[in-house]
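This report refers to the structure that appears directly beneath it.
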Amino acid sequence: MLLVNNITKSYESNILFQEVSFSLDSGEILVLKGPSGSGKSTILKMLNGLVAWDSGDITIHGEKVHPYCKHAKLGFVSQSYDLFSHLNVLSNIMMPMIVVQRREKRLLRRYAEQLLSEFGLADLGARDVASLSGGQQQRLAIARSLALEPDILCLDEPTAALDSDRTEMIADMLHRIVRNGKAVLLTTHDACFIEMINGRMIDLEAASIDT
Amino acid sequence: MIDHSLLFSSLPDLLHGACVTIKIGFSASLLGLVIGTCLAILEERKGFSALVFCYVNLFRGTPMLVQILFVFYILPQIGITLSPFWCATMAIGLNSGAYVSQMVRTGINAVHKGEREAGKCLGLTDAQVYRYVVLPQTFRMMIPSLGNECVTLLKDSSLASIIGVVELTKAGSIIRGRTYDAFTVLIGVTAIYLIITFFVSFVIKRCERWGRKPCSW
Numbered sequence: 108m109l110l111v112n113n114i115t116k117s118y119e120s121n122i123l124f125q126e127v128s129f130s131l132d133s134g135e136i137l138v139l140k141g142p143s144g145s146g147k148s149t150i151l152k153m154l155n156g157l158v159a160w161d162s163g164d165i166t167i168h169g170e171k172v173h174p175y176c177k178h179a180k181l182g183f184v185s186q187s188y189d190l191f192s193h194l195n196v197l198s199n200i201m202m203p204m205i206v207v208q209r210r211e212k213r214l215l216r217r218y219a220e221q222l223l224s225e226f227g228l229a230d231l232g233a234r235d236v237a238s239l240s241g242g243q244q245q246r247l248a249i250a251r252s253l254a255l256e257p258d259i260l261c262l263d264e265p266t267a268a269l270d271s272d273r274t275e276m277i278a279d280m281l282h283r284i285v286r287n288g289k290a291v292l293l294t295t296h297d298a299c300f301i302e303m304i305n306g307r308m309i310d311l312e313a314a315s316i317d318t
Numbered sequence: 694m695i696d697h698s699l700l701f702s703s704l705p706d707l708l709h710g711a712c713v714t715i716k717i718g719f720s721a722s723l724l725g726l727v728i729g730t731c732l733a734i735l736e737e738r739k740g741f742s743a744l745v746f747c748y749v750n751l752f753r754g755t756p757m758l759v760q761i762l763f764v765f766y767i768l769p770q771i772g773i774t775l776s777p778f779w780c781a782t783m784a785i786g787l788n789s790g791a792y793v794s795q796m797v798r799t800g801i802n803a804v805h806k807g808e809r810e811a812g813k814c815l816g817l818t819d820a821q822v823y824r825y826v827v828l829p830q831t832f833r834m835m836i837p838s839l840g841n842e843c844v845t846l847l848k849d850s851s852l853a854s855i856i857g858v859v860e861l862t863k864a865g866s867i868i869r870g871r872t873y874d875a876f877t878v879l880i881g882v883t884a885i886y887l888i889i890t891f892f893v894s895f896v897i898k899r900c901e902r903w904g905r906k907p908c909s910w
């Protein structure tokens with residue numbers, strides 16, 4: 108599904124990582140591990156068209172991804188969730204579907220409400236996103252990303268701001284997502300969370316070839 | 694003492710002038726908003742920031758009166774002839790655009806970078822990120838300063854009298870010249886300006902309250 112082949116990234120003369128390769132198949136959870144500054148988040152941003160890489164190839168479903176080009180089959184949830192603060196909860200899910208997928212608003216409302224209830228956010232549709240707790244914001248960000256039906260969901264430190272109960276809830280949610288045939292690529296420092304999700308792991312420091 | 698009969702007999706002329714003031718003020722505000730928004734977006738693009746810098750400094754560094762006279766006297770020499778009303782509106786709008794561009798720029802910078810990135814990650818194009826994520830938040834943040842700008846322009850519209858536009862101040866001057874009762878006329882003019890600006894301030898307050906509510910699609 109996703110193939111990352113020998114990608115290298117450097118900022119000026121500092122090499123962040125070099126010739127990193129990995130693959131990801133449907134129904135799989137892959138964890139990118141490594142110390143701060145090893146480039147875990149940068150890889151997720153590269154895949155989602157926010158950062159360019161120096162060399163190497165990325166392919167999704169055999170289709171080559173170009174730097175700064177967003178692939179429709181990829182979803183991304185950042186560490187800070189980055190919900191649209193001027194929109195209410197329901198509109199955070201609906202707006203991208205209406206604008207990007209040009210779907211009809213009338214038919215979408217029920218789908219968006221169903222998605223909210225699946226993520227335990229039913230009855231919060233009219234609320235301001237700032238009034239949600241950290242866990243609710245996290246779930247909303249995942250729901251917003253999944254609403255566009257990506258095959259691969261990328262999550263950057265999904266449990267960084269969550270307590271252990273919420274961490275367990277996110278782990279269950281990710282298992283449910285991969286059971287539906289999707290793949291999950293995530294970065295985390297949280298050892299308990301890594302244990303809970305029981306996914307394949309790549310240590311970015313070890314995967315990067317030393318110069 | 695206020696001459697009530699003069700005040701009432703002057704009211705139709707003063708109200709006609711007030712309508713012209715309102716038309717100039719709102720048209721210039723709208724023009725300023727459009728120009729200011731375009732300039733602020735252009736300023737973010739490579740290669741355009743110098744152009745925007747020149748525009749902003751040209752219009753902020755020269756008096757509005759000179760700009761009105763420039764549009765009124767120089768444009769016909771290059772074949773563009775506008776009525777005094779539109780000359781004043783254009784000059785005031787162009788001037789306002791310089792100030793509004795800096796307000797919009799501040800507003801754009803205040804939108805969290807992550808929200809723009811989230812928009813891109815969700816598949817929105819750059820233009821759609823501006824249209825649906827950045828600008829709605831920018832304008833909500835700008836409501837108080839845009840309100841101030843609108844009130845300022847309503848008052849600045851009195852400068853249009855220099856090129857013969859009969860707006861509120863000019864209408865008052867004409868009546869004052871005819872009756873020699875400066876006190877009554879100026880009280881009338883002041884009262885009308887205050888009513889207009891109070892109304893605009895009231896609308897801005899309502900808009901601010903609306904701007905604090907989350908938007909629904």
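If you read the sequences in order, they're chains A and B. Okay, so the first sequence: first residue is 108 according to our numbering, each after it adds one. Okay, so the second sequence: first residue is 694 according to our numbering, each after it adds one. Ideal placement from N, C-alpha and C gives every residue a C-beta, glycine not left out. These figures come from a predicted structure and were not determined experimentally.
Start and end of the beta strand (DSSP E) containing residue i?
i	result
A:Gln125	Asn121 to Leu131
A:Asp310	Arg307 to Asp310
A:Tyr118	Leu109 to Tyr118
A:Cys261	Ile259 to Asp263
A:Ala254	Taken as a continuous stretch (DSSP letters only), A:Ala254 belongs to no beta strand (DSSP E), being part of the alpha helix (DSSP H) at Gly241 to Ala254.
B:Asp858	The displayed chain sequence assigns Val, not Asp, to residue 858 of chain B. Run containing B:Val858: none; DSSP gives neither H nor E here.
B:Ile773	Taken as a continuous stretch (DSSP letters only), B:Ile773 belongs to no beta strand (DSSP E), as it is neither H nor E.
A:Lys140	Ile136 to Lys140
B:Phe763	Looking at the DSSP string, B:Phe763 is not in any beta strand (DSSP E); the run it does join, the alpha helix (DSSP H), is Met757 to Ile767.
List the endpoints of the continuous alpha helix (DSSP H) containing residue i.
i	result
B:Cys908	Element bounds for B:Cys908: n/a, residue is neither H nor E.
B:Ala743	Ser742 to Arg753
B:Ile868	Leu861 to Thr872
B:Thr883	Ala875 to Gly904
B:Phe832	Leu828 to Asp849
B:Asp706	His697 to Glu736
A:Ser162	Segment Ser162 to Ile167 is the beta strand (DSSP E) holding A:Ser162; no alpha helix (DSSP H) there.
B:Val822	Asp819 to Val822
Around the Cβ of residue i, are there at least 16 other Cβ atoms within 10 angstroms (buried) or fewer (exposed)?
i	result
B:Leu708	exposed
B:Phe892	exposed
B:Cys747	exposed
A:Ser120	exposed
A:Ile304	buried
B:Cys843	buried
A:His173	exposed
A:Cys261	buried
B:Phe895	exposed
A:Met204	buried
B:Met796	buried
B:Gln830	buried
A:Asn155	buried
B:Ser698	exposed
A:Lys152	buried
A:Pro265	buried
Which chain B residues are close to residue i, counting only those with a beta carbon under 8 Å from its beta carbon?
i	result
A:Met201	Trp910
A:Gly156	Lys813 and Cys814
A:Lys212	Trp910
Just the chain A side, please: which residues come within less than 7 Å of residue i by C-beta, in chain order?
i	result
B:Tyr825	Met202 and Val206
B:Gly807	Ser185, Ser187 and Asp189
B:Pro769	None at all; the shortest Cβ gap to chain A is about 45 Å.
B:Arg911	Any answer about residue 911 of chain B is impossible in this case: the structure gives chain B only from 694 up to 910.
Run down chain B in chain order and give the residues with a C-beta less than 7 Å from the C-beta of residue i.
i	result
A:Asp235	Pro907
A:Leu255	Leu815 and Gly816
A:Ile198	Correcting the residue identity first, residue 198 of chain A is Ser in this sequence and not Ile. Ordered by position in chain B, the residues that pass the 7 Å Cβ test against A:Ser198 are Cys908, Ser909 and Trp910.
In chain C, what lies closer than 9 Å to residue i by C-beta?
i	result
A:Asn195	Of the protein chains in this structure, namely A and B, none is chain C.
Given a cut-off of 9 Å, decide if residue j and residue i are closer than it, judged by their beta-carbon atoms.
i	j	result
A:Gly182	A:Leu293	no
A:Ser130	A:Asn113	no
B:Gly790	B:Leu828	no
B:Val858	B:Arg869	no
B:Pro777	B:Ala853	yes
B:Thr714	B:Thr872	no
B:Val826	B:Leu817	yes
A:Leu231	A:Gln243	yes
A:Ser148	A:Asp310	no
A:Leu215	B:Pro907	no
Determine the chain A residues that contact residue i at a beta-carbon separation under 8 Å, and present them in chain order.
i	result
B:Pro829	His193
B:Arg833	His193
B:Glu737	Ordered by position in chain A, no residue passes the 8 Å Cβ test against B:Glu737, which lies about 16 Å from the chain.
Against residue i, what residues of chain B qualify as contacts under a CB-to-CB distance less than 9 Å, listed in chain order?
i	result
A:Ala179	Gly816
A:Ser224	Correct list: empty, because the minimum Cβ distance to chain B is about 18 Å.
Applying a beta-carbon distance threshold of less than 9 Å, which residues of chain A neighbour residue i?
i	result
B:Gln821	Val206 and Val207
Q.
Assess contact between the region 193-208 of chain A and the region 835-852 of chain B, defined as three or more Cβ pairs (one per stretch) separated by less than 8 Å. Is contact present?
A. no
Q | Touching by the beta-carbon criterion (3+ pairs, under 8 Å), the region 234-254 of chain A and the region 179-191 of chain A | A | yes
**Q.** Cβ contact (3+ pairs, closer than 8 Å) linking the region 784-802 of chain B and the region 722-730 of chain B
**A.** yes
Q: May I ask you to verify whether the region 138-147 of chain A touches the region 281-300 of chain A, counting CB pairs closer than 8 Å and requiring at least 3?
A: yes
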